[in-house]
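As you go down the protein sequences, you meet chains A and B in turn.
With this note's numbering applied, the first sequence corresponds to residues 1 to 338, in that order.
With this note's numbering applied, the second sequence corresponds to residues 339 to 676, in that order.
Each remark here refers to the structure printed beneath this line.
There are 2 protein chains.
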Amino acid sequence: MINCKSNRQVCLASRPKGLPNPTNWNIISRQIPTIQSGEVLIKVRFISIDPAMRGWMNDRVSYIPPVQIGSVMRALTVGEIVESKNETFKVGDWVSGIDGVQNYAVSDGTQNAKIDLSIAPPQTYLGTLGIAGLTAYSGLLKVGRLRVNDAVLVSGAAGSVGAHVGQIAKIKGNHVVGIAGGSKKCRYLVDELGFDAAIDYKNEELSVSIAQHCPKGIDLFFDNVGGKTLNAGLSAINVGARVVICGAISQYNLTHSIEGPSNYLLLLLRRARMEGFIYFDYHKDWPNMIKELSNWHSSGKIIGKEDIVKGNVDIFPDILLRLFNGENHGKLIIELQN
Amino acid sequence: MINCKSNRQVCLASRPKGLPNPTNWNIISRQIPTIQSGEVLIKVRFISIDPAMRGWMNDRVSYIPPVQIGSVMRALTVGEIVESKNETFKVGDWVSGIDGVQNYAVSDGTQNAKIDLSIAPPQTYLGTLGIAGLTAYSGLLKVGRLRVNDAVLVSGAAGSVGAHVGQIAKIKGNHVVGIAGGSKKCRYLVDELGFDAAIDYKNEELSVSIAQHCPKGIDLFFDNVGGKTLNAGLSAINVGARVVICGAISQYNLTHSIEGPSNYLLLLLRRARMEGFIYFDYHKDWPNMIKELSNWHSSGKIIGKEDIVKGNVDIFPDILLRLFNGENHGKLIIELQN
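The structure is reproduced here in structure tokens:
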């Protein structure tokens, strides 16, 4: 069953300043671990590459402890049970979890959930039926309290979360405008995902284009980007608008203090709300959320574009950087080949 | 009845860059106006001096139109009806309103409310029973959804709104820390208003003192100041915190772009909410709010310190500046002498 003689692991060697570089990683081979009573051995098959990873590398108290120096890099994963001393899981079960950038993980199963491959292929549980879909759903509907006929602006719209946000907002009957980098991504948003308009931040003046595509202002702004993008979105918010802070990918690798939104006083003038969230907080409602997301997925109402790179764990440091240079398009996943 | 032969008015002559200066004002004497059917003539007795006035002087769309060049400066007022052709009001009635920096105003009464001098003296309707109390009440209880045992931080705490916020939060059973400038104001907050602690921003390191006085973090931050103060407060927010944006007095007179809160991503990490408001939005509930405020006021649970300057309207340009140089202490009001 175990078809690989060692467990290759990507460990954090040092904390990055700015963009992560090769010296921040230590890639090592270890023996495949043995399991105790109550545990399972998981062969990791798919690794989710997420902007949040950059935050986990900092030595800063956050919603989750930082990855410790010398530890395996934290990652959301999908894998297969290859040994089990736990009655909940049997060999051959597929599970999602947070099993790290490595080939094998030992788990007591409490952080793993079985996934149903009859509904969708395994990697979809890292996309539409995983972090991307659940983040979009909880942020848009629970935090943002999306209504009907809202004018919705989404930044990072061609990213995995942003693309789900826009599609869910369309399903719910809203006017949706996305911000993305480059005409290819912008065409994709409009032509394939059904956004009403897309703004190419690399070639357009954000505030001008926002005013053009949201002539009545913005009711809900779902921000994945921060910096100038957040400021431009804030400049167009309506009275009672909701600004959902999901991330700030433009700011994660700065070596200086991040840029705060100088337009934040519009929250006062427009009596608006800016709120951050973490999708983990809504885990009690995941069964319902996944049910609705899988219905949309099955019926083709949501396209969960995946950007899958095949290889071994050694490619992780390079692939991670694709999130920050605008190279990836869709949910970035490593499919392990060994 | 009319004991002054002309109507002296402070009009906006030009829009300030930075702090208002004498060239921004044109003080003129006009004839006392005559009234038509349905109108009243109000003799203005008390003029409320508020930080919001600075925003009204800018040529920018806001929650209320800018004061036009040549127009009488907008101000909340309390005055006396000296002539009436309106059946709702009779000569001798006292009213609150938005009747401007002038001796006499003509009104159709729709923006005026009769005030009851058996409950409190007229100037209190600009303080505890007016903008200061109503702003504090609506911001703290309706926007901030104050709970019990919240750790509450208030900036601009010795200002009229801040002082009410702190006292209401204490009445409701919370731990309250105020930020103010100078040891005299800080002692006042603790010794006279019952704050649990006060931080002197002129002589203390904000983040250190916040950590000392709110060792378990902040659940509700009521910010009147903005800039570095907002950032310091954000750095200490707890999961689920509410940050109420009431104003940003440190930023109103900047000639460059205002300073955005570089710590805003803590809203994400702490799943917190930052929300702005305008107390006008809660006007439907004013009767209830004023009833509760006047009970607290009558029973001595709230002290509405007033900083009353007697004079004619000509002193307005100088008195306004006291809001921005930290000189005033309590609700700043001009009591007109002629």
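Ideal Cβ positions, reconstructed from N, Cα and C, are used throughout, including at glycine.
For clarity, every value in this text was computed on a predicted model and none was experimentally measured.
Interface criterion not met: the Cβ of M395(B) is under 8 Å from no Cβ in chain A. Contacts with chain A (Cβ-Cβ distance below 9 Å) from the segment 591–616 of chain B involve S595, I596, E597, G598, P599, S600, N601, Y602, L603, L604, L605, L606, L607, R608, R609, A610, R611, M612, E613, G614, F615 and I616, listed in chain order. Scanning F89(A), G181(A), N253(A) and L265(A) for the CA closest to the CA of H329(A) turns up G181(A). Between I210(A) and L153(A), the gap from beta carbon to beta carbon is short of 8 Å.
The beta carbons of V95(A) and G79(A) sit closer together than 8 Å.
Ranked by how close their Cα comes to the Cα of L607(B), the residues S493(B), I575(B) and Y401(B) have I575(B) in first place. In the displayed model, D645(B) falls within a strand according to three-state DSSP.
Under the DSSP assignment, H551(B) falls outside any beta strand (DSSP E), being part of the alpha helix (DSSP H) whose first and last residues are L544 to H551. Look at I245(A): its C-beta is under 8 Å from a C-beta on chain B.
Looking at the DSSP output, L603(B) shares a beta bridge with no other residue. Counting only unbroken stretches of 3 or more residues, the beta strand (DSSP E) elements lying wholly within the segment 98–152 of chain A are 104–107, in sequence order. Residue contact check for S250(A) against chain B: no CB pair falls below 8 Å. Rounded to whole angstroms, the Cβ separation of N562(B) and S476(B) is 14 Å, and the two are not in contact under 8 Å. The C-beta of R483(B) has fewer than 16 other C-beta atoms within 10 Å across all chains shown, which makes the residue exposed.
Under the Cβ distance rule, S400(B) counts among the residues neighbouring chain A, one pair being separated by less than 8 Å.
Closer than 8 Å to the CB of D619(B) there is at least one CB belonging to chain A. Minimum Cα-Cα distance from G194(A) among the listed residues F221(A), A163(A), N312(A) and A232(A) corresponds to A163(A).
Scanning R383(B), G565(B) and S632(B) for the CA closest to the CA of Y264(A) turns up G565(B).
Assigned with DSSP and collapsed to three states, K355(B) falls in coil, not helix or strand.
Rounded to the nearest angstrom, the Cβ distance from L455(B) to S409(B) is 30 Å, too far for a contact under 8 Å.
Going by DSSP, D318(A) is part of no beta strand (DSSP E) but of the alpha helix (DSSP H) stretching over F316 to L321.
Residue pairing by DSSP places S434(B) opposite V416(B) and A451(B) in a beta bridge. Nearest neighbour of N295(A) by Cα position, chosen from T128(A), I334(A) and K43(A), turns out to be T128(A). Of the candidates S637(B), R383(B), K510(B) and N362(B), R383(B) places its Cα closest to the Cα of L674(B).
In this structure, DSSP gives Q374(B) a state outside helix and strand, which the three-state scheme calls coil. In the three-state reduction of the DSSP assignment, N364(B) falls in the strand class. According to the DSSP assignment, Q505(B) belongs to the alpha helix (DSSP H) that extends over S498 to I509.
In the structure shown, G300(A) adopts coil according to DSSP, grouped into three states.
Membership of K669(B) in the beta strand (DSSP E) is indicated by the continuous run K669 to L674. The criterion of a C-beta distance shorter than 8 Å is satisfied by N58(A) and R15(A). Note that the segment 643–663 of chain B touches the segment 353–363 of chain B; at least 3 beta-carbon pairs, one per stretch, sit closer than 8 Å. Here R346(B) has S367, N441 and V651 as same chain residues with Cβ atoms under 6 Å from its own Cβ, once five neighbours each way along the sequence are excluded.
The alpha carbon of K554(B) has as its nearest neighbour, out of H635(B), G614(B) and D488(B), the alpha carbon of D488(B). For C584(B), no alpha helix (DSSP H) encloses it, and the DSSP letter there is neither H nor E. Rounded to the nearest angstrom, the gap between the Cα atoms of H594(B) and Y401(B) is 22 Å.
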